[in-house]
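Engineer:
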């Protein structure tokens with residue numbers, strides 16, 4: 001496959017998109033509170049470029065500035081990039097589910113059925 | 001430490017600006033706030049007249065608020081005068097109108113930011129449409145040909161440029177009013193810079209259109225535009241368009257009205273955050289529980305905004321004459337504020353470790369220009385309210401600062417509160433890693 005970008009993403013845009021994603025990943029890797037200078041150094045990006053990308057990502061709310069204004073963290077909107085995770089139920093709850101799946105499927109008396117026999 | 005525990009010690013659960021209607025305004029409403037702050041329609045008609053006659057944001061917002069109330073009262077007075085309520089534009093009617101308008105503005109701004117933003121958007125759109133009709137009709141009646149002499153610069157001495165820059169800046173003043181919506185805008189870091197930039201562009205285009213029409217219209221008249229007190233009226237009379245001044249009055253009245261709502265909104269939020277910082281009494285930092293607006297700040301500010309024009313009018317000044325010192329002082333306040341922001345920007349960027357060459361260059365170009373404009377402005381401004389207010393405000397602000405530094409150094413350190421990131425803006429803490437396979441897959 002040729003690395004040639006499709007015509008709909010012209011010029012320097014592919015690099016800008018890649019850099020923006022790298023900045024996002026770096027904030028996660030370095031942890032909340034990472035500063036613009038640290039990100040620029042870690043990614044070996046020019047400082048002005050890094051600042052512009054960071055401000056763009058803040059404007060779009062994928063990143064937020066922490067109250068000291070130096071540090072960055074993931075913004076609420078970054079949550080849309082991941083599939084929602086269903087919290088794992090506790091051991092007791094899983095025991096109930098397993099019990100039901102094994103023995104009393106279709107039992108209308110479930111709430112009164114003793115869980116452990 | 002993992003991501004979620006590290007973030008917990010850096011972010012509070014609530015923004016220090018909590019209580020306002022957070023993240024609830026769309027881009028158009030924020031844009032209208034800024035456009036109305038700049039009041040391009042009023043500037044289109046009034047600024048040339050002012051040139052012929054002719055502690056920062058707090059002063060700017062307050063005085064612009066007073067000026068826009070006065071201007072709206074003056075224009076509405078002129079609009080209703082022919083209908084027999086008063087044969088001439090009487091000062092009593094003007095004073096009553098100022099009070100009534102202040103009451104309307106108070107009702108709008110206290111009831112909710114969405115209502116006042118909608119009012120500003122509607123009224124400002126109406127105003128700009130009316131002004132476009134006025135200037136469009138004038139341009140067409142003058143003939144379609146392009147006045148090419150205007151496109152070539154002439155008389156470009158430094159003095160001429162400075163004399164031109166002053167009124168031009170006057171037209172732009174208030175363009176940053178959208179910044180007051182930082183808490184309420186839905187996506188502030190995207191919406192507000194765009195709104196401020198687009199306002200500057202729109203105001204520039206409208207002012208150019210107005211200036212072009214008026215210069216072209218008076219090209220054949222001895223003395224030209226500079227010899228006219230009310231250029232648009234004179235042009236309309238020359239073209240036998242008797243209805244045009246009425247449309248113009250309505251356009252300017254609506255512009256002033258939108259401007260008074262927008263500046264009151266901005267002023268109230270400024271007082272609100274100063275109340276929260278402890279620079280001003282903490283009561284000003286209260287927010288209405290149901291309407292989510294800074295109602296105490298509005299209740300304190302609006303009576304003052306209405307009282308000053310009423311006093312000026314009762315002293316015998318006509319609203320048109322009262323406008324001049326009010327607008328001059330407002331412009332002075334804004335210019336000082338803009339200058340301080342320009343000086344502070346690189347220091348701020350350095351403090352957060354994001355200083356770039358560009359911002360240093362931008363500051364070192366803009367600050368001298370603003371200084372020249374400020375000096376020119378002060379030297380040409382009539383010795384009047386402007387000097388009085390500046391003379392009163394500067395010692396007051398200085399005394400307050402020194403008192404606070406001596407008694408409450410902690411409050412001085414707290415200056416600069418803003419709608420900081422709170423837990424609601426963050427991506428929720430990641431769940432603890434799962435050691436067991438998800439249920440249902442066990443068999």
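Protein chains in written order, with our numbering: chain Y, 1 to 117; chain E, 1 to 443. Think of the CB as a built atom: it goes at the ideal place given N, C-alpha and C, for glycine as much as any other residue.
Does DSSP put residue 34/Y in a helix, in a strand, or in coil?
Structural biologist: Residue 34/Y falls in the strand class under three-state DSSP.
Engineer: Give the C-beta separation of residue 98/E and residue 310/E to the nearest angstrom, bearing in mind that I take them to be a contact with Cβ-Cβ under 8 Å.
Structural biologist: Between residue 310/E and residue 98/E the Cβ distance is about 6 Å, and since that is below 8 Å, they are a contact.
Engineer: Considering residue 272/E, what are the terminal residues of the alpha helix (DSSP H) in which it resides?
Structural biologist: Looking at the DSSP string, the run of the alpha helix (DSSP H) that includes residue 272/E is 244-277.
Engineer: Return no unless some Cβ of chain Y is closer than 8 Å to the Cβ of residue 356/E.
Structural biologist: Closer than 8 Å: yes.
Engineer: Do residue 63/Y and residue 75/Y count as a contact pair if the criterion is CB distance below 8 Å?
Structural biologist: Contact: yes.
Engineer: Under 7 Å between beta-carbons, which chain Y residues line up against residue 189/E? List them in chain order, please.
Structural biologist: By Cβ distance, chain Y contributes 58 and 59.
Engineer: In whole angstroms, what is the alpha-carbon distance linking residue 469/E and residue 186/E?
Structural biologist: Because chain E in this structure spans residues 1 to 443, residue 469/E falls outside the shown range and cannot be described.
Engineer: Using 8 Å as the limit for Cβ to Cβ distance, is residue 352/E near chain Y?
Structural biologist: Closer than 8 Å: yes.
Engineer: Could you check what DSSP says for residue 64/Y in three-state terms: helix, strand or coil?
Structural biologist: Strand at residue 64/Y.
Engineer: Would you say residue 10/E reaches chain Y, if we count a Cβ-Cβ gap shorter than 8 Å as a contact?
Structural biologist: Output row for residue 10/E: interface = yes.
Engineer: Taking the alpha carbon of residue 40/Y as the point to measure from, which residue in 421/E, 353/E, 314/E and 408/E has its own alpha carbon closest?
Structural biologist: Residue 353/E is the option with its Cα nearest to residue 40/Y.
Engineer: Measuring alpha carbon to alpha carbon, tell me which residue in 338/E, 60/E and 252/E is nearest residue 135/E.
Structural biologist: Residue 135/E has its Cα closest to that of 252/E, out of 338/E, 60/E and 252/E.
Engineer: What whole-angstrom Cβ distance do residue 482/E and residue 119/E have, given they're in contact under 8 Å?
Structural biologist: Residue 482/E is absent from the model: chain E starts at 1 and stops at 443.
Engineer: Please report the straight-line C-alpha distance between residue 64/E and residue 260/E, rounded to a whole angstrom.
Structural biologist: Cα to Cα, the separation comes out at about 8 Å.
Engineer: Determine contact between the region 66-74 of chain E and the region 321-332 of chain E, defined as no fewer than three beta-carbon pairs at a distance below 8 Å.
Structural biologist: With the cut-off at 8 Å, the region 66-74 of chain E and the region 321-332 of chain E touch.
Engineer: Check whether the Cβ of residue 328/E lies closer than 8 Å to any Cβ atom in chain Y.
Structural biologist: Residue 328/E does not count as touching chain Y.
Engineer: Assuming residue 20/E contacts residue 184/E under a Cβ cut-off of 8 Å, what Cβ separation, rounded to an integer in Å, is found between them?
Structural biologist: The pair is a contact, with the Cβ atoms about 6 Å apart (cut-off 8 Å).
Engineer: Examine chain Y for any beta-carbon lying closer than 8 Å to the beta-carbon of residue 425/E, and answer yes or no.
Structural biologist: For residue 425/E, the answer is yes, since a Cβ of chain Y falls inside 8 Å of its Cβ.
Engineer: Does DSSP put residue 12/E in a helix, a strand or coil?
Structural biologist: Reduced to three states, the DSSP call for residue 12/E is strand.
Engineer: Does residue 14/E pass the burial test, meaning 16 or more other C-beta atoms within 10 Å, or should it be called exposed?
Structural biologist: Exposed, since its Cβ has fewer than 16 Cβ neighbours within 10 Å.
Engineer: If the criterion is Cβ atoms closer than 8 Å, does the pair residue 444/E and residue 170/E meet it?
Structural biologist: With chain E covering 1 to 443 only, the question about residue 444/E has no answer from this structure.
Engineer: Along the alpha helix (DSSP H) that carries residue 102/Y, what are the first and last residues, could you check?
Structural biologist: Residue 102/Y -> alpha helix (DSSP H) spans 91-102.
Engineer: For residue 32/E, which residues from the same chain have a beta carbon less than 6 Å from its beta carbon, with the 5 sequence-adjacent residues on both sides left out?
Structural biologist: The answer, listed in chain order, is 120, 121 and 124.
Engineer: Please list the partners that residue 420/E has in chain Y, where partner means a Cβ-to-Cβ separation under 7 Å.
Structural biologist: Result: 67.
Engineer: Can you pull the DSSP bridge partners for residue 72/Y?
Structural biologist: 34/Y and 65/Y, per the DSSP bridge assignment.
Engineer: Count the other CB atoms within 10 Å of the CB of residue 377/E; is the residue buried (16 or more) or exposed (fewer)?
Structural biologist: The residue in question, residue 377/E, is buried, as its Cβ has 16 or more Cβ neighbours within 10 Å.
Engineer: Would residue 84/Y count as contacting chain E if we go by Cβ distances under 8 Å?
Structural biologist: It does not: the Cβ of residue 84/Y has no partner Cβ on chain E nearer than 8 Å.
Engineer: In its own chain, which residues sit with a C-beta less than 6 Å from the C-beta of residue 76/E, not counting the 5 before and 5 after it?
Structural biologist: Closer than 6 Å at the Cβ level, and outside the excluded window around residue 76/E, lie 97 and 253.
Engineer: Kindly list, in the order they appear in chain E, the residues whose Cβ is closer than 7 Å to that of residue 64/Y.
Structural biologist: Those within 7 Å of residue 64/Y in chain E are 421, 425 and 426.
Engineer: If you measure beta-carbon to beta-carbon, which residues of the region 20-44 of chain Y are closer than 8 Å to chain E?
Structural biologist: So the list reads 28, 31, 32, 33, 35, 36 and 37, given in the order they occur along the chain.
Engineer: List, in order along the chain, the chain E residues whose C-beta lies closer than 8 Å to that of residue 92/Y?
Structural biologist: Here the premise fails: no neighbours, minimum Cβ distance about 12 Å.
Engineer: Counting only C-beta atoms, is residue 76/Y closer than 8 Å to chain E at any point?
Structural biologist: Yes - at least one Cβ of chain E is within 8 Å of the one on residue 76/Y.
Engineer: Could you pull the start and end residues of the alpha helix (DSSP H) that residue 205/E belongs to?
Structural biologist: That run of the alpha helix (DSSP H) goes 188-217.
Engineer: Between residue 420/E and the rest of its own chain, which residues show a CB-CB distance below 6 Å, the 5 nearest in sequence each way excluded?
Structural biologist: These residues qualify, in order along the chain: 15.
Engineer: Whole angstroms are fine: how far does the CA of residue 190/E sit from the CA of residue 46/Y?
Structural biologist: Distance between the alpha carbons of residue 46/Y and residue 190/E: 23 Å.
Engineer: Flag residue 103/Y as yes if its beta-carbon sits less than 8 Å from any beta-carbon of chain E, otherwise no.
Structural biologist: Taking Cβ atoms only, chain E never reaches closer than 8 Å to residue 103/Y, which makes this a no.
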